[in-house]
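**Student:** Start counting the sequence shown at -4; every next residue gets the next number (the working numbering).
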Amino acid sequence: MMNESLLNPQSIVVVGGSDDISKPGGKLLKNILDGGFQGELSVINPKKDTVQGIRCFKSVSELPAKIDLAILAIAAQHCVPAVKELAKAKGTRAFIVISAGFSEDGPEGAELEEELRKAVQEVDGALIGPNCIGMLTPTYSGIFTSPVPKLDPKGCDFVSGSGSTAVFILESALPKGLTFSSLVTVGNSAQTGIEEVLEYWDETYTPGKSSNIKLIYVENIKNPDKLLKHSSSLIRKGCRIAAIKSGITDAGQRATASHTGALASSDSAVEALFRKAGIVRCFGREELTTVASVFNYPRLKGKNLAIITHAGGAGVMLTDALSGGGLNIPAIEGKAHDDILNILNPGSSASNPIDILATGTAEQLGQVIEYCDTKMDNIHGMIVIFGSTGLSRVFDAYEMIDRKMKQCRKPVFPILPSISSAHEEVEFFLSHGHINFPDEVVLARALTSINQTPEPASEEIFTEGIDIQAIRTAIKHAPEGFLDPTTNNELLEAAGIPIVEEGIATSKKELILLVKKLGFPLALKVIGPVHKSDVGGVTLNIKSETHLLSEYRRMRKIKGVKSVLVQKMQTGTELFIGAKYEPSFGHVILCGLGGIFVESLGDTSYGLAPLTFEEARSMVRSLKAYPVIKGARGKEGINEDKYVEIIVRLSTLLRYATEIKEIDLNPLIGNKDEIIAVDGRIRVEK
C-alpha cells in the first residue's frame, strides 16, 4: 500500500545516516538535503551528535516528535526492532528499507523479511523495499544513488523492481531531455510491488494533474490480474504505459507434449498480458526511454511519415526500419514533389526521404516542414534528421525546428545525432522543453512498437452459442491426461467450434460402416500415440476401400494403437490454434498456419483468454503469414471472420474450463466458406 506519510511526509528520520557520502546512509541524507526537503529532518546514529549539519539522535526514544517517514540504512537484523519501536513510540506509518540481507539472501532472510512486513502491516503502515534504492517524490529525494533528476509534474511516473536498473534507465533518459515526476523502486516488494504502485496511480489519477506517462521495469509479475486491471484502467483514462519485463523463459526447455507446449512460455503470457492491457513492451533501456520520449509528442493520427534530412544514409536506415515495422514512407509525387524541390538547392531530392543536402539552410528546412504540415493531408507526421556537418554551427537550424514543432498541427520528431560535436546546440534545443532522439533506428523501433500495440481489450466475454453447462459436464466426467476423441468433440461442439465428420473404428466391420456413412475421400489416424505423424499414424486422401483396409491393418500393428479415427477428408489451408495454461496468468492462446508450418516457421501470435473479437483479429493480422490467409498469388484465402470467431470461442471454452492445461487444434482446414477442426488434443489436470 501507499499512504500520505510515504508520499508527502512532514517529518523524516534517516536511520543510519552518516557523514560518509560513499555509503548509502550518507548519500541518501545528502540527496534529501540537496533536494530541498521542507519538513523536519532528523538522523539516528549512536556515534554522532550531528551529521551533515543535521541534529543526530542516539536512539528512537530520543527523537523529539512524531515521525511520518523512516528511511532505514542499517543492517538487516536491526530493521525489525527499529520499525516496531518507531511505529509504537513515534507513530511512524511509512518505511523505506534500503538495507539488503533479506529474502534475496535465502530462507533466513526471507523469514526476516516476513517479520518486517508483519511489523508494518500491524500498524496499517506503508513499506517500500527492502533491498531498494528508495524513491523520489515532489516532497523529498529519498534515494542513495545518482543521478537525482529534478522532478517535473509533466514528466514520467516510473516504478522499478530493480534499483540499479532504475539508475541505468535514468542515465539513458536524462541526456534525451526526458523528465520524471516520480520514481519508486520496490526492491523485494515485501508489501508494495509493481502492481500496488499501479493500483495507487490508477486510484489517485486526476486528469490534468497526474502524469499521463507511466514506465515500468519488472522482473517478476506476482499478480497479473491486478496489473491488467489497473494498467488498462489508466490507459483508458488517457495514460500511456511502456514496460520492460526481464527474465524471459526459454521455450525450448518447456514441455513439448504438443505444438502449444513447445511454443508457449511464461514470456508468451507476458506478451499476451501486455497486449491485452495496451502496454507497449520494450526490451532494453534505450527502447524504453525512447518510447517514453515519443509519448511526450502528439499522437500520430495515421501511418504515413515524411522524413526530412540532410544525411542520405540516415534517411535510408530510418526508412528501412519504419517500413519493416509497418509504418509508411509514401513517395511524394506530382505537384507536391515539384513544390518542395523548388524550395531546395539544386541536387536535392523531394521523393521521401526529402534530402535537403548539407547545403540546405535553416530557412529551407522550415519551409519544407511547414509544407508537409499544411499542404500534404496524406502525411501524418514528420521526422527531421539534422546534425552538424562540421562546417558551421547549427543553432539556427535547431531554433527553426523548435519554432516549427510549436507551430505544426502534426507531430515533428527531431533526430539530432551530433550530441558531441554539436553539444551546445543540442543543449540549447533541450532547454526549450523538447526531447531529442539521437538514433534514427531506435526511434523507428519505438514508433513501430507503439503503432503495433492495441488499445486495452474489452472485459466482456463472448458466450453466444456456447453451452457453458455442457462444457462443465464434459470436464466433470473427463479423466486427467489427454482426452479421447469423443470427449474432445463434446467440448468443441459445446463451444460452437465446427468439427469434421468422423468416427472411431475398433474393427474392420466398424470401419466399413463408417465408410458407407462418410464416403471417400477419407483420412485415417491412429488413436493412442500423442504424436501421430511421428509413428506413421496419419494417412490422408484415401480414395478406395483397398487402400483403406491396407492402412487400417498397418496402423493396428503400431505400438499402443487399439483403434483408429476415420474422418471425412477436407481441403483448404491448414491453420492452427492452441493454448497453454500459465500459472497466475491463465490460458495463453496461439494461432498461425497449421500442419508442419507451426514449429518450422515459428510464426505464431499470442493472446490471453478470454479474448475479444478485436484481440483475435489483431492476432491473425499480426501473423507474417497473413497474406496467405487473405489469399496470395491467385490462391484462395480463408474466411478470416470465421477463423477469428473460432479463436474467440476457444478462449471462452478455456475461461470456463480452467482444468484444460493444454490444447492443440492442428490442423483446422479453412477455405473461403468454412473452417473445420480436423485434429485436436486436449490435456486435462484437475
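Ideal Cβ positions, reconstructed from N, Cα and C, are used throughout, including at glycine.
Quick test of your reading: L313 and T132, contact by CB under 8 Å. State the CB separation rounded to the nearest angstrom.
**Tutor:** Here residue 313 corresponds to residue number 318 of the sequence shown, with the count starting at 1. Here residue 132 corresponds to residue number 137 of the sequence shown, with the count starting at 1. About 38 Å separates the two Cβ atoms, so there is no contact after all.
**Student:** Cα-Cα, which of E450, G321, V510, Y212 is closest to G158?
**Tutor:** Here the question's residue 158 lines up with position 163 in the sequence shown. Closest option to G158, Cα to Cα, is Y212.
**Student:** Considering only DSSP beta bridges, list what D659 is partnered with.
**Tutor:** Translated into positions along the sequence shown, residue 659 becomes position 664. Beta-bridge pairing links D659 to G573, R676.
**Student:** Select from E358, I374, I378 the residue whose C-alpha is nearest the C-alpha of D391.
**Tutor:** Residue mapping note: residue 391 aligns to position 396 of the sequence shown, counting from 1. Closest by alpha carbon: E358.
**Student:** Contact check, A71 vs V10 under 8 Å by CB: the rounded distance?
**Tutor:** Taking the first residue of the sequence shown as 1, we reach residue 71 at position 76. Taking the first residue of the sequence shown as 1, we reach residue 10 at position 15. Contact doesn't hold; Cβ gap of about 13 Å is too wide.
**Student:** Give the straight-line distance between the Cα atoms of N291 and V643, rounded to the nearest whole angstrom.
**Tutor:** As a first step, residue 291 is located in the sequence shown; it is residue number 296 there, counting from the start. As a first step, residue 643 is located in the sequence shown; it is residue number 648 there, counting from the start. Whole-angstrom Cα-Cα distance: 35 Å.
**Student:** Quick one: grab the DSSP three-state call for F423.
**Tutor:** On the sequence shown, position 428 is the one that residue 423 refers to. Here F423 sits in helix by DSSP.
**Student:** Among residues of its own chain, excluding the 5 on either side of A489, which ones have a beta-carbon nearer than 6 Å to its beta-carbon?
**Tutor:** As a working mapping, residue 489 is identified with position 494 in the sequence shown. So the qualifying residues of the chain are D462, A465, I466.
**Student:** Below 8 Å, how does it come out for the region 509 to 516 and the region 561 to 581: are there three or more Cβ pairs, yes or no?
**Tutor:** yes
**Student:** Could you please give me the residues that DSSP links to N299 through a beta bridge?
**Tutor:** Within the sequence shown, residue 299 is the residue found at index 304, counting from 1. Looking at the DSSP assignment, N299 forms a beta bridge with N323.
**Student:** In the DSSP assignment, what are the bridge partners of P474?
**Tutor:** Reading the sequence shown from its first residue, position 479 is the one you call residue 474. DSSP lists no partner for P474.
**Student:** Using the beta-carbon count (16 or more within 10 Å), is K85 buried or exposed?
**Tutor:** If you number the sequence shown from 1, residue 85 lands on position 90. That one is buried.
**Student:** Hey, A700 and L146: beta-carbon distance below 8 Å or not?
**Tutor:** Residue coverage of the chain in this structure runs from -4 to 681, which leaves residue 700 outside it and unanswerable.
**Student:** Relative to the C-alpha of A237, which candidate in A672, A114, S288 has its C-alpha closest?
**Tutor:** For this step, residue 237 is matched to residue 242 along the sequence shown. Selected option, being the one with the closest Cα: S288.
**Student:** Within the same chain, show all residues whose beta-carbon is closer than 6 Å to that of G460, passing over the 5 residues directly before and after it, in chain order.
**Tutor:** Counting from one through the sequence shown, the residue named residue 460 turns up at place 465. The answer, listed in chain order, is G491.
**Student:** Is the distance from the Cβ of D152 to the Cβ of K209 below 8 Å?
**Tutor:** In the sequence shown, counting from the first residue as 1, residue 152 sits at position 157. In the sequence shown, counting from the first residue as 1, residue 209 sits at position 214. Result yes, Cβ atoms of D152 and K209 sit closer than 8 Å.
**Student:** Three or more C-beta pairs under 8 Å: does that hold for the region 167 to 183 against the region 413 to 433?
**Tutor:** yes
**Student:** Relative to the alpha-carbon of T698, which residue among P524, G523, E546 has its alpha-carbon at the smallest distance?
**Tutor:** No statement about residue 698 is possible, as the shown extent of the chain runs from -4 to 681 and does not include it.
**Student:** Please report the straight-line C-alpha distance between A604 and M377, rounded to a whole angstrom.
**Tutor:** In the sequence shown, counting from the first residue as 1, residue 604 sits at position 609. In the sequence shown, counting from the first residue as 1, residue 377 sits at position 382. Going from the Cα of A604 to the Cα of M377 covers about 38 Å.
**Student:** Identify, in the order they occur along the chain, each residue of the same chain with its Cβ nearer than 6 Å to the Cβ of R551, setting aside the five sequence neighbours on each side.
**Tutor:** Along the sequence shown, one-based indexing puts residue 551 at 556. Excluding positions up to five away in sequence, the list is empty.
**Student:** Return the first residue and the last residue of the alpha helix (DSSP H) that Q33 is part of.
**Tutor:** Residue numbering aside, residue 33 sits at position 38 when the sequence shown is read from its first letter. Per DSSP, Q33 lies in no alpha helix (DSSP H) and is assigned neither H nor E.
**Student:** Just tell me which of T201, K399, A620, Y601 has its CA closest to the CA of G589.
**Tutor:** Taking the sequence shown and counting its residues from 1, the one referred to as residue 589 is at position 594. Closest by alpha carbon: A620.
**Student:** Report yes if the CB atom of T134 is closer than 8 Å to the CB atom of F32, and no otherwise.
**Tutor:** Within the sequence shown, numbered from 1, the residue matching residue 134 stands at position 139. Within the sequence shown, numbered from 1, the residue matching residue 32 stands at position 37. Cβ atoms of T134 and F32: closer than 8 Å.
**Student:** Does the beta-carbon of N661 have 16 or more other beta-carbons within 10 angstroms, so that it is buried, or is it exposed?
**Tutor:** Here the question's residue 661 lines up with position 666 in the sequence shown. Classification of N661: buried, given that the 10 Å Cβ count is 16 or more.
**Student:** Please report how far the alpha carbon of A89 lies from the alpha carbon of G188, in whole angstroms.
**Tutor:** For the purposes of this step, residue 89 is taken as residue 94 along the sequence shown, with counting starting at 1. For the purposes of this step, residue 188 is taken as residue 193 along the sequence shown, with counting starting at 1. Distance between the alpha carbons of A89 and G188 is about 15 Å.
**Student:** Alpha carbon to alpha carbon, how far is E99 from A267?
**Tutor:** Locating residue 99 in the sequence shown gives position 104, counting from the first residue. Locating residue 267 in the sequence shown gives position 272, counting from the first residue. Distance between the alpha carbons of E99 and A267: 29 Å.
**Student:** Does the separation of the CB atoms of A301 and C367 fall below 8 Å?
**Tutor:** Position 306 of the sequence shown holds residue 301. Position 372 of the sequence shown holds residue 367. It is a contact, given that the beta carbons lie within the stated cut-off.
**Student:** Hey, would you say S346 sits closer than 8 Å to S383, going by beta carbons?
**Tutor:** Within the sequence shown, the letter at position 351 stands for residue 346. Within the sequence shown, the letter at position 388 stands for residue 383. Not a contact, by the Cβ cut-off of 8 Å.
**Student:** To the nearest angstrom, how far is it from the Cα of S502 to the Cα of L544?
**Tutor:** Locating residue 502 in the sequence shown gives position 507, where the first residue counts as 1. Locating residue 544 in the sequence shown gives position 549, where the first residue counts as 1. Roughly 11 Å separates the two Cα atoms.
**Student:** Between which two residues does the alpha helix (DSSP H) holding E488 run?
**Tutor:** Against the sequence shown, residue 488 aligns to sequence position 493. It spans 480 to 489 - the alpha helix (DSSP H) in which E488 sits, taken as one unbroken run.
**Student:** Give the straight-line distance between the Cα atoms of A259 and I655, rounded to the nearest whole angstrom.
**Tutor:** Residue numbering aside, residue 259 sits at position 264 when the sequence shown is read from its first letter. Residue numbering aside, residue 655 sits at position 660 when the sequence shown is read from its first letter. Confidence is the limiting factor: at A259 the pLDDT is only 46, short of 50, which leaves the residue's position unreliable and the question unanswerable from this model.
**Student:** Which of the three DSSP states, helix, strand or coil, is assigned to D315?
**Tutor:** Along the sequence shown, read from residue 1 onward, the residue named residue 315 stands at position 320. Helix.
**Student:** Does the pairing of the region 193 to 203 with the region 227 to 234 give three or more beta-carbon distances under 8 Å?
**Tutor:** yes
**Student:** Between the beta-carbon of I138 and the beta-carbon of I123, is there less than 8 Å?
**Tutor:** By 1-based counting over the sequence shown, the position of residue 138 is 143. By 1-based counting over the sequence shown, the position of residue 123 is 128. Not closer than 8 Å, so no.
**Student:** With DSSP as the reference, label R231 as helix, strand or coil.
**Tutor:** Against the sequence shown, residue 231 aligns to sequence position 236. In the structure shown, R231 sits in a helix (DSSP, three-state: H, G or I).
**Student:** Could you pull the DSSP bridge partners for E497 from this structure?
**Tutor:** By 1-based counting over the sequence shown, the position of residue 497 is 502. DSSP lists Q562 as partners of E497.
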